[in-house]
Every structure is written in structure tokens, then in C-alpha cells.
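The sequence shown begins at 376 in this note's numbering and counts up by one.
Heads up, the thing below is written out as C-alpha cells.
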Amino acid sequence: MYRSLYIIAVFSIAVSGGVAINHGTVNELRGKTCEWIINANDSDPDMLHLDIQSVRLGGNDLLRVTTHNTRTLLYEHFGQLSPGVILITTRHKVFRVVLTLSPDRDVDREWDVGYNTKDLSAQFTRIDSADLDFKGNGLDFNLLFEAKSDTKKLLMNVADSDLNGGTVSFRFVEKYSSLNLFDANHTKPEFLFSKGQQIVVMIRGFRKYDTNPGNALRLDYEVVDSRCSQYKQITNRDQLTNILLPDQHTLKLSSYKCANIFEHKLNFERFLLDLTHFSQFINTGDIMRVLDGISRDSQPMAVIESQLLDTYWRHKYLYSTANRLWISYESQRVVNTSQPKDNLIGVRSISQGGNYHFNETTSLMELEINTKSKPLLPIVYTFEATSGYQLVVDLDDTHRLPGNGSQNLLAIYESTNRHNGQPIIELQSQAYPPRTIASNTNQFKLVFNQLVDYKLTVRKVKANGCYARAGTSYTRYLNTTCEPKCSWLIRGRPNTSGTVILHFTHISLPNSTDRLTLRMVGRDVKAILKFTGPFHTTSIPDVILPSNETHVLYTEHECLNQSSPLTITSLYTVSMTYWERDVSNTELIFTNYYHSLEFQTYNHPMDYPFGMDYQWQAYSTYVGINYTLATFSDISLRYNHSLNIKSLINSNTFGDNELPPDTIFSLPMIANLTASYQTTWNDQVTFGGFRAILYPLECGGNFNMTNDSRIQITTPTTLTNVTRCVWIINTGTGYEDSVLKLKFVDYWRNDYITIYDSNTMRNGRLLDVRKGTVHSTTNTIIIDYSVRACSFCYSLWPLTINVYRKDCTEFRCGDCRCISTKYRCNGYNDCGDWTDEVSCTSPTLPPATPETKIIYRDRDGKMNWVWIVLFVAALSIVLASVFVNCVVHEVLKQRRHPTPIMHSIPEYNEVG
376 MYRSLYIIAV FSIAVSGGVA INHGTVNELR GKTCEWIINA NDSDPDMLHL DIQSVRLGGN
436 DLLRVTTHNT RTLLYEHFGQ LSPGVILITT RHKVFRVVLT LSPDRDVDRE WDVGYNTKDL
496 SAQFTRIDSA DLDFKGNGLD FNLLFEAKSD TKKLLMNVAD SDLNGGTVSF RFVEKYSSLN
556 LFDANHTKPE FLFSKGQQIV VMIRGFRKYD TNPGNALRLD YEVVDSRCSQ YKQITNRDQL
616 TNILLPDQHT LKLSSYKCAN IFEHKLNFER FLLDLTHFSQ FINTGDIMRV LDGISRDSQP
676 MAVIESQLLD TYWRHKYLYS TANRLWISYE SQRVVNTSQP KDNLIGVRSI SQGGNYHFNE
736 TTSLMELEIN TKSKPLLPIV YTFEATSGYQ LVVDLDDTHR LPGNGSQNLL AIYESTNRHN
796 GQPIIELQSQ AYPPRTIASN TNQFKLVFNQ LVDYKLTVRK VKANGCYARA GTSYTRYLNT
856 TCEPKCSWLI RGRPNTSGTV ILHFTHISLP NSTDRLTLRM VGRDVKAILK FTGPFHTTSI
916 PDVILPSNET HVLYTEHECL NQSSPLTITS LYTVSMTYWE RDVSNTELIF TNYYHSLEFQ
976 TYNHPMDYPF GMDYQWQAYS TYVGINYTLA TFSDISLRYN HSLNIKSLIN SNTFGDNELP
1036 PDTIFSLPMI ANLTASYQTT WNDQVTFGGF RAILYPLECG GNFNMTNDSR IQITTPTTLT
1096 NVTRCVWIIN TGTGYEDSVL KLKFVDYWRN DYITIYDSNT MRNGRLLDVR KGTVHSTTNT
1156 IIIDYSVRAC SFCYSLWPLT INVYRKDCTE FRCGDCRCIS TKYRCNGYND CGDWTDEVSC
1216 TSPTLPPATP ETKIIYRDRD GKMNWVWIVL FVAALSIVLA SVFVNCVVHE VLKQRRHPTP
1276 IMHSIPEYNE VG
């Protein structure tokens, strides 16, 4: 018990009166008990009501109303008490009002009570009928609520009540007019907002029984400032309305409270609080409260204070869940008496968009946007789940996204903030979306930048690593869950030219329903990588992807044992590395005549990475280099990958694993290797790539003799620093079985000429250029003309070669080479594959290790040492007569262009 000091005051009243304790006194009476005795004298009251106009009590204070002898308790309230009216049934003329104050400190108490025994048309704030029992038709009475100042309005709330068949109506209020009655079978008003200073409550047939004391009629109100308070019904869609803030007159008060209540006429509209133009609170201690509805009992959306305005609330989307919104702005202490004119708080009505929260029982939400309404863009949806979960968006990846052109349709963020950096992904119209998009957090924000008809699903899943996203540098991903479907998002970096490299340590899909698929977002529905179980490999080429594109790795797995997680080797392990440079584009630059260039796949001779197309650009910065000779030494491409090389003079495509012939290309030259897509992996898993050497040329070309029986080749007349020209001549389409005859018009310096009896320089098969007329054994020859500078060789005599197409009328070897029939069955490997010794009377078997001999044969096929001796002697005389600098020149030439080994292949000079 508190230590009490009774202060007794006796009032004799005829109709009404009042008792009060001023603010200073009531705080000095902590731990005391105050008591008033009310004496009605000769009046015979049917009902007593206490009008508590201003009260603020502590949580441990006690208010009791009893009969004079204290034997009968008429009313009792313990704890905090708000302003109101207490209706008490009594036949007693004398009764007691006892207020016991607790010793609690820091309680700002106020007490001002009026009492009335007859007049019910007084200023009331709360009706709390404690013990009334009216028979018959019940009690009919009116209550008048009135603000004391014409600058105030009343904002009232009706608690859940049971009038036991009675009704109540209201006058002078917004929305709820005189015809709006409610009882136990009708919905009560969500709020009562006075049009002026007064609200009249008309109660008819009111009954209250002792058996149900908790459902008494209760009305709570508060006083707000009329200059900054309003109820407004919005009729237009997507309309922006500013709330009322204190004006210059209101700011002169010591405190104020503004209430703005918005309701849209259309039920499907929602409201969005817009703080874009709200620069600051008027006073440091000001508070803004936002309720998701128009009742004081509505769900709180936000309590906004100045210290968190910029750091938190400006970044949040505050959507109502229905077409109603309540905003109050109040200040307990006015310091600033002015505010900027452009300090505005907006409320925007929207037909689409909103905030959505996943509770414990909700795991899936379906979202549909449509073109029926015409909302302002962008349309923003936010989703949030509890901690321990993450959110996943499911999209239809088999159809293109709607919308106009290739414009941005949907941006997805993993935060609900307004300003939160780069999105997880941006999806373009008419592009194929990913099947799933997952956040690394428990939040999602979806921003639609176009008005379309579209449906999608947002799911809440456990954050167990099944759905993940690659980082910005190095990330490793492995799935050890038993989830049937998982995904790993590799987010693109717009406007970058780097490379993403995926490295698989192994892939093991044990079940026939298991699948591993890699797709690029937006391009099409084809898969870059797709494995279907059962499948196992520990060797797979790396996957190289462009960094500016977004990719998703999907896993579908049938987990047979749900109770145990997968082992690391059950499916796969993959790592992602980001490189700043673009390995898919390579420049090959000739800067001089003396150096060739390597033209090859990345990682050669290891397997080349797939997943994107590769491009090489070859060009020259040195004047005079106009062509290049491409000679391949290795090529191994996957069956659905191809290499295409283009220049102004030709275009070639290589798609198999046979070494291509040598080819001349003009500069600049562009090569593309298509290695983007792979639909299935059931045969070839590894592949090597290709390697070629590019030689600089001043002149040359590829000649096809389909329409010509003769072609004339003329060497340059002017010598640059280094002059090299290469001509590749083919018999032409339809003449594949023909051969070529070369006739030199001028023999001067024909030692600069090397002629290959093949479509490539790789095998070193040469023709003897010592004679004026030379015959090939194949349908293609390569003429290589190379001259280095010397002090006496600034100009050259032109060398002219006439090339004729001739039919092969002799013996054709197994490799389609054409040789004289005299070489048949002579015991020598003249064809190189021993086919000239097959079906002979005494066939000569090839040796276990054939010896390569550097020999020339005459037309009889016998060794002629005399010719060899004469040739060596003549060559010695010629070399002795050449100047020293030319000798050096020739030596350098041989070092750069070594003469290939001459196999034991006869010169076929019998044709024609």
C-alpha cells in the first residue's frame, strides 16, 4: 500500500460541478490519495457521469468511485487513463471519487474532472458504461463533442461495442452522415472526423447488462489542428496529392497535431507515401506516423523521426495494402515558426505495385500486372521474408518477354530500398528471361518500366545454398542439398569487355532425370552447355563467357535419399573467375616483314574453352604488307563448331578436323570461331583447337582455273625492303583430276622461286624449277617468290610464269597424285604410299621404316650420278661469281625460309 494522505473535499451540487488539481500539485502528491465526496442534495439522480476533460495518469495509479459508505463499488480503473466520460448508474445522493497516486517518478500527471447528474449535452471524450441495466426500450440520449477552439477539429475512434439492439448515428462528420447507423450487425465507422468543432452522437435504445461488461460503448477522440488536417477522397487514378502541413498560424502554437486521411474511390487503388520533396522536419522533435488504413487501430506502417529521415525512410517504399492511408504529423514543442514553401509530403494513388510480406504460412505469391489501368511508370513491387529465407522469382523461359523493342522491361533488386545500386538483373523486352532469379537476401524489389500484361511467381525458400549468385571476382559453387531444382546466377556487367571463366572439376549426374544446363539470358532458348544423366566426366574444357551478359546454371536432380545431403562428388563443382580483358577478341598486327604471327585458339594445344564466339583481326601497320599466307599445323574442332576466315578477296569456312590447305587472305583479315552453343554432350567432351602461322606478303592471291585454261603470273619489278609474294593455283571446280604445267618465260633469278607440288607448304613437296617447263603431280601448286634487299638489287627484272591446266593420262596414286606409268612396278616408292607397287608381277613390300631419300629421278627412273656431279659443279661456279653481299642475302633468305625436305617423289614431266 502507498503511504496515503487523504484530502477530502465535499461538494453540494444541484446539476453539475467540477473538481481539479493543477499540474504542479498533482505531481507533488506522488504516493498520496485524493478523495472527493459528491453530494447531490435534494436531486434524485438516475445516472451520474464523470466528464474527465483532461487527464494523464501513471500506469500504477488507481481511480475508484464508490457509495458514500464505500460498501458498493460503482467504478474502478487501474493504470493509465485517457480522456473520456464515465457513465455510472446510481440511486445514491452521496458518493465518493478516490484517486490513489503511485510513488512513481517521471510521470506527467494531469487531472481535471467535471461531474454531471442530469445534462448529457456536455463536452465528452470517452463513454465507459460500467454498470448500467436499462429495461424496456433502453436508454436514448445524445452526446455532444465539441472542441474548445475554432482552430481545432475532433478526430474520434469507435471501439468495438455491443449496444444490445441499440443504434448510434453521427452528425457533422466527414463520410459518415446521419443515415449511417450501426449496431451489432453492422460495421462500425472506421473514424469520425468533424467538419467543424462539433460531433453529435445520437444513441438510441442503449442497453448494458452486467453479464457482458466488456462490450460497453466506447468513444475515444483527440483534438487536431484544423488548418493542417483533412479527410480527402481521391477519385482520379495515379494522382499525386500533398498532405497538409502546419501553416504560419499553426506554427505560432506551442504544440500542434495534423491528421491527413486519404481514401480512394476505387477499391483496387493503393497509396504510396512520397518523401521526394520533403526536405526536413520543421522541428527536431517532430514525429510523423503512418497507418495502413483510416482507423486508429490500423496496422502501423512507419513512425518517422528526423534522425532517420535521410538514412532510412527516404530509401523505403511505403505502400498501403488497400485504398486507405492515415498520416499524422505532430510536434510537442514548436521552436521554428516557419518552413520552406517547397517542403512537401506527397501521397500518390497507384493502381499497381505495393509491399508484400511473407509470413510463416505463406510460401508463394502470384503477381500479375496488366494494361487495364494506366499507372505511372515505373511500377514497383517489394517483397520481404523473415531471416533464414531467400526469395526466388519464377519466369517463363520458353517465351519472349512482352513489351516494345529491346527496351528495359524489368529490373530486379535484392533490396527493398529506393536507392540500392546495381540490380541483380535487367531484363529486356522481346528477350528470353531466365527460368529462376534468386536473391542472396530475404528481400526483392521488382521494377517494371513498361506497361504490359504479364504474370510471374515469387517464392520463399530456405537459404541453404541451392539458389546462389556468383560474386564479382572468384566464386566457387557446389550444391549439397536435395532440392529438385537449383540455379546459380552469373550476373552480367553492362558496358564491360571482360571475360568470365567457368572451370568444372568434375560432373557426375547419376540419374537419367538429372540435368545440368547453362544458358545465356536474353539471346535465345538454346543451351551453351547441357548434360543429361547418367553422365560422368572429370575432364571438360573451360567455359568462357562475355562479362557483359548474364548467364544462369540450372541443376535438376532426383535426390533419392532426402535424409542425407549430397556428397561433393555427387553432382559437380564449378568455380567462376573474372578477367578484366576480353580473351574472345585478339588482334594480330604485322609491324615488319621479318616476323610471322601465331594464329591459334586460347590454351592451345590444350582444349579451347567454349561458350562464346572468338574473333581474330589481322592487319598491318607496315606499308607494303597487303596479304598474308595462312598455314595450319593443327586443327581439332567440335563437330558443331566452325572457323570462318574472311577478307576482301575470299572467305573460307573450316568445320572438320582435317588440316585445311594453305590460303592467301588480303589484309585486314577477320576470323571467327563459333563456339557459343552446345546442345548435348553424349560423345565428344574434349577437343584441341587449331594453330596456324600467318606470313606477311606484299602480293599474291588464290587462283581457280575453272574458267581459264591458262594463267600468267608476273613477279614485281620494284624491290621493297623485303619482297615476298605467294600465289596458290588450283585446277578449278570440275577439274579435280587435272594437273598443272608451268612454263618460265624468263629464267633470270629464278632461284628466288620455290614451287610446292601441293595445296600446302607443310609436307615440303617441291617441284624442280631448274628447267623452263615444270609439271605438277596434283591439282594445286603454291608459288613462293621471296627476295631480300641487297645493294645491287634495287630493281628486278620481272619473272613471268604461264600456268596451264592439263589432264592426267598416266597413273594416279592413292593420294590422287599423277605420275608417269614408267614408275609403276619399278621397285621404288614413287607415290610415297607404295600404291605404284601394288598389283605388280613381283610386288615390292614397303620397309618397316621407310627411308626418306633426297633424290631426283630422270624419266627412266634410274640414278644418274653424272647429272648430279654436273649440277654440283655448275652450282659452285655460280656461287663463286656472286658478290659477298648477295651471298649474305641468300644465306639470310635460307635461314628465314628453309628449303623443305624433298621426298623421293619424281618430277612428272611426261604429261603434255
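We treat Cβ as the ideally placed atom computed from N, Cα and C, and that holds for glycine.
Rounded separation between residue i and residue j - CA only
i	j	result
Ser706	Asp622	13 Å
Thr1216	Val1162	49 Å
Ser1133	Ile1156	5 Å
Val875	Val918	8 Å
Ser1214	Arg1199	10 Å
His467	Leu449	11 Å
Cys1074	Asn1082	23 Å
Val482	Lys407	14 Å
Asn1204	Phe1186	14 Å
Met951	Thr847	9 Å
Ser738	Met663	33 Å
Tyr551	Lys749	31 Å
Leu1141	Thr1152	10 Å
Asn718	Ser654	6 Å
Ser1022	Tyr968	20 Å
Candidates the options: closest to residue i by CA position
i	options	result
Arg699	Pro1036, Ala1046, Ile787 and Asp672	Asp672
Thr1093	Pro1173, Phe1040, Thr888 and Gly1107	Pro1173
Tyr1179	Lys627, Lys747, Leu1117 and Gln975	Leu1117
Lys830	Leu776, Ser569 and Cys1191	Leu776
Glu403	Phe453, His452 and Thr475	Thr475
Ile574	Cys1100, Glu1073 and Leu519	Leu519
Leu742	Ile1194, Leu770, Phe1078 and Asp1009	Leu770
Ser804	Ser1022, Gly780, Cys1193 and Arg956	Gly780
His970	Ser1022, Asn923 and Arg1099	Arg1099
Asn1025	Ser1011, Asp436, Phe1040 and Asn1015	Phe1040
Leu920	Met895, Ala1046, Thr542 and Gly1076	Met895
Ile618	His652, Ser872 and Val1101	His652
Leu1042	Thr1003, Arg1066 and Phe1065	Thr1003
Pro909	Gln990, Arg1192 and Leu891	Leu891
Leu946	Lys860, Thr447, Ile1158 and Gly1139	Lys860
Thr850	Tyr953, Gly1076, Val543 and Ser629	Tyr953
First and last residue of the uninterrupted beta strand (DSSP E) at residue i
i	result
Leu647	Arg645 to Asp649
Gln1292	With the chain represented from 376 up to 1287, any question about residue 1292 goes unanswered, as that position is not in the structure.
Gln608	Gln605 to Ile609
Thr408	Thr408 to Asn414
Gly729	Gly729 to His732
Ile662	Ile662 to Asp667
Asn366	Since the first residue of the chain shown is 376 and the last is 1287, residue 366 is not available in this structure.
Lys527	Lys527 to Val533
Ile861	The question names Ile, but residue 861 in the sequence shown is Cys. It spans Lys860 to Ile865 - the beta strand (DSSP E) in which Cys861 sits, taken as one unbroken run.
Met1136	Element bounds for Met1136: n/a, residue is neither H nor E.
Whole-number beta carbon distance between residue j and residue i, since they are thought to touch under 8 Å
i	j	result
Thr773	Val900	6 Å
Tyr596	Leu684	About 29 Å; that fails the 8 Å criterion.
Lys570	Thr610	Contact flag wrong, Cβ pair sits at about 20 Å.
Gly541	Ile578	6 Å
Phe1065	Thr976	6 Å
Ile799	Glu789	6 Å
Gln608	Glu638	5 Å
Beta-carbon contacts of residue i that lie in its chain and below 6 Å, excluding the five residues immediately before and after
i	result
Arg645	Tyr694, Ser695, Ile725 and Gly729
His911	Ser883
Asn711	Ile657 and Asn658
Phe1029	Leu1018 and Pro1035
Val767	Thr811, Ala813, Arg834, Val836 and Tyr842
Ala522	Leu529, Gln572 and Val598
Sequence-distant residues of the same chain with beta carbon closer than 8 Å to residue i, five excluded per side
i	result
Thr791	Lys691, Tyr692, Asn730, Thr757, Phe758, Glu759, Gln818, Phe819 and Lys820
Leu752	Phe823, Asn824, Gln825 and Leu826
Asn1032	Ile1010, Ser1011 and Leu1012
Residue range of the alpha helix (DSSP H) that includes residue i
i	result
Leu683	Ser681 to Leu684
Close beta carbons around residue i, own chain, < 7 Å, minus the five adjacent residues each side
i	result
Thr966	Thr996 and Tyr997
Ser601	Thr526, Lys527 and Lys528
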